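Asks: Residue numbers for the sequence shown follow numbering that gives the first Met the number 0, so the first one is 0 and each next one is one higher.
Where a beta carbon is used, it is the ideal one built from N, C-alpha and C, also for glycine.
None of these values were measured; they are calculated from a predicted model.
Okay, here's the structure, questions in a sec.
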Amino acid sequence: MASECAGNLLCEEVATLAQAFRIIQWTKLSNLSALALLSYDFIVTLDGEYALMWNASFGLGKVLFLAIRYAHLFTIIIINLVLFLPEASSEVSVSWVRFQWVARTVLANLAELALQLGIYALYNKNRKILLLLITSFSTTFIAMLTLSIKVLLHEKNSFYDFGSGQDMHMCVPINLSSYFREIWIPLLVHEALLLGLVLYKAIESMRTHGVRGSMNRITIFLVRDSVMYFFIVFITYLASQLIWALGGANYIEIPVCFAISMGGIMSQRLLLNIRQQFLDYNPALLSNGSGSSLGVRKKGLQVQMRSRTTIDGTDDHDMPTGNIMLVPLKKASPCV
Numbered sequence: 000m001a002s003e004c005a006g007n008l009l010c011e012e013v014a015t016l017a018q019a020f021r022i023i024q025w026t027k028l029s030n031l032s033a034l035a036l037l038s039y040d041f042i043v044t045l046d047g048e049y050a051l052m053w054n055a056s057f058g059l060g061k062v063l064f065l066a067i068r069y070a071h072l073f074t075i076i077i078i079n080l081v082l083f084l085p086e087a088s089s090e091v092s093v094s095w096v097r098f099q100w101v102a103r104t105v106l107a108n109l110a111e112l113a114l115q116l117g118i119y120a121l122y123n124k125n126r127k128i129l130l131l132l133i134t135s136f137s138t139t140f141i142a143m144l145t146l147s148i149k150v151l152l153h154e155k156n157s158f159y160d161f162g163s164g165q166d167m168h169m170c171v172p173i174n175l176s177s178y179f180r181e182i183w184i185p186l187l188v189h190e191a192l193l194l195g196l197v198l199y200k201a202i203e204s205m206r207t208h209g210v211r212g213s214m215n216r217i218t219i220f221l222v223r224d225s226v227m228y229f230f231i232v233f234i235t236y237l238a239s240q241l242i243w244a245l246g247g248a249n250y251i252e253i254p255v256c257f258a259i260s261m262g263g264i265m266s267q268r269l270l271l272n273i274r275q276q277f278l279d280y281n282p283a284l285l286s287n288g289s290g291s292s293l294g295v296r297k298k299g300l301q302v303q304m305r306s307r308t309t310i311d312g313t314d315d316h317d318m319p320t321g322n323i324m325l326v327p328l329k330k331a332s333p334c335v
């Protein structure tokens, strides 16, 4: 009987160690995958960053894009560097975990600003919509920050090493508050609200112009990209919420980097696409000389003659009549 009990205890210990090994492997693979994905997207969008952002004058869209782009990359690199340290003191472990909680809250909400900027443009800078967006954003950020602080007040961490030969070591959370299971909920509610605003505008436009009518091209683009952003980011955040809610504290590190990376990638793409669409629609918005406009005022309308930049950098002013566009004088400027 005694030997049987001893055997069961040993089996339980072996099973616990095997589960710990799997969690460490999944965590490191997930974080490395997030870094690889973010790095790949960073490289393939360098040309767009230079053409659309660096050559443009400073504005809200440019500042937001650069903040999202480099803050996300810096954060993911730091998380991976500490995760793969051969050993770490308790002070480093605590600082690393606190950094993740703060970064997760700040970056997730920072990425949301890109979608809100698109919705603000979609509603032609409506002040009521702006007030609603600010209220929702502030509520979401405060809720996530409050939950994160409650977790940090009780959480402790320890560095465990199961053998350098197997690279089995990482910081493990101890005494984790149950509030961590609710961190993603405010963000999911906020995402649902933003989707509702986008769909409402799309339905309103279809009622005005008809399903096959001449809906504004930029409106179509903003609705399409906003819906795409929502489904990709919402699914990522929802998966993170389910992993934390169902898996518990042992799986807390697995979805973090991937969720942060997807939010950063989609928000960067959205801002680049918004800027590209507005510049395609009105190249006069370029402030660096790569495009120019000649305006003639007549009967409340402005005649804009688009000039095209050739490969050698010179402006092609020999334009056909079809490139002359009538736009309202009071047409709102883009947000980005």
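CA-CA distance, Q276 and L269?
Replies: One-based indexing of the sequence shown puts residue 276 at position 277. One-based indexing of the sequence shown puts residue 269 at position 270. Their backbone Cα atoms lie some 10 Å apart in a straight line.
Asks: Is the region 71–91 touching the region 251–269 in the sense that three or more CB pairs, one from each, lie closer than 8 Å?
Replies: Contact between the region 251–269 and the region 71–91 is present, because at least three Cβ pairs lie under 8 Å.
Asks: Check whether the region 229–245 and the region 177–184 are in contact - that is, three or more C-beta pairs closer than 8 Å.
Replies: Contact holds: three or more Cβ-Cβ distances are below 8 Å.
Asks: For R206, name the three-state secondary structure that DSSP assigns.
Replies: Position 207 of the sequence shown, counted from the first residue, corresponds to residue 206. Helix.
Asks: Take A258 as the anchor and find which of I133, L106, T207 and N123 has the nearest alpha-carbon.
Replies: Counting from 1 along the sequence shown, the entry for residue 258 is found at position 259. Checked all of I133, L106, T207 and N123; the closest Cα to A258 is L106.
Asks: Please report the distance separating the alpha-carbon of I253 from that of Q99.
Replies: As a working mapping, residue 253 is identified with position 254 in the sequence shown. As a working mapping, residue 99 is identified with position 100 in the sequence shown. Going by the C-alpha atoms only, they are around 12 Å apart.
Asks: Could you give the distance in angstroms between the alpha-carbon of W53 and the alpha-carbon of A248?
Replies: The residue you call residue 53 lines up with position 54 of the sequence shown. The residue you call residue 248 lines up with position 249 of the sequence shown. Taking the straight line from one Cα to the other gives about 42 Å.
Asks: With a Cβ-Cβ cutoff of 9 Å, do E90 and L186 count as a contact?
Replies: Position 91 of the sequence shown holds residue 90. Position 187 of the sequence shown holds residue 186. No, Cβ-Cβ distance for E90 and L186 is not below 9 Å.
Asks: Are the CB atoms of L132 and W119 within a distance shorter than 9 Å?
Replies: Taking the first residue of the sequence shown as position 1, residue 119 is located at position 120. Taking the first residue of the sequence shown as position 1, residue 132 is located at position 133. Correcting the residue type first, residue 119 is Tyr in the shown sequence and not Trp. A contact, by the Cβ cut-off of 9 Å.
Asks: Out of Q115, L121 and I23, state which residue places its alpha-carbon closest to the alpha-carbon of S137.
Replies: For the purposes of this step, residue 137 is taken as the residue at position 138 of the sequence shown. Here the closest residue by C-alpha is Q115.
Asks: Since A35 and I67 should fall inside the 8 Å C-beta cutoff, what is the C-beta to C-beta distance between them, to a whole number of angstroms?
Replies: Looking up residue 35 in the sequence shown gives position 36. Looking up residue 67 in the sequence shown gives position 68. That pair is no contact at about 19 Å.
Asks: Report the three-state DSSP secondary structure of A55 (helix, strand or coil).
Replies: Counting from one through the sequence shown, the residue named residue 55 turns up at place 56. Coil at A55, not helix or strand.
Asks: Within 10 angstroms of the Cβ of G195, are there 16 or more other Cβ atoms? Answer buried if so, exposed if not.
Replies: Translated into positions along the sequence shown, residue 195 becomes position 196. It is exposed - the Cβ of G195 has fewer than 16 other Cβ atoms within 10 Å.
Asks: Where F140 and T104 are concerned, what is the direct C-alpha to C-alpha distance, given to the nearest angstrom?
Replies: Sequence index remark: in the sequence shown, residue 140 carries index 141 (1-based). Sequence index remark: in the sequence shown, residue 104 carries index 105 (1-based). Each residue's Cα considered, the two are about 7 Å apart.
Asks: Which same chain residues, not among the five before or five after F64, have their C-beta less than 6 Å away from its C-beta?
Replies: Here residue 64 refers to the residue found at position 65 when the sequence shown is read from its first residue. Within the same chain, F64 has close Cβ partners M52 and L270.
Asks: Would you give the residue range spanned by the alpha helix (DSSP H) that S135 belongs to?
Replies: As a working mapping, residue 135 is identified with position 136 in the sequence shown. Unbroken alpha helix (DSSP H) run through S135: R126 to H153.
Asks: CA-CA distance, K27 and K127?
Replies: Translated into the one-based positions of the sequence shown, residue 27 becomes position 28. Translated into the one-based positions of the sequence shown, residue 127 becomes position 128. So the two alpha carbons sit approximately 45 Å from each other.
Asks: What separation, rounded to the nearest whole angstrom, lies between the Cα atoms of L193 and Y228?
Replies: On the sequence shown, residue 193 is found 194 positions in, with the first residue counted as 1. On the sequence shown, residue 228 is found 229 positions in, with the first residue counted as 1. If you take the alpha carbons of L193 and Y228, they lie about 11 Å apart.
Asks: Just the Cα atoms here: how many angstroms apart are L278 and I75?
Replies: The residue labelled residue 278 in the question sits at position 279 within the sequence shown. The residue labelled residue 75 in the question sits at position 76 within the sequence shown. Distance between the alpha carbons of L278 and I75 is about 32 Å.
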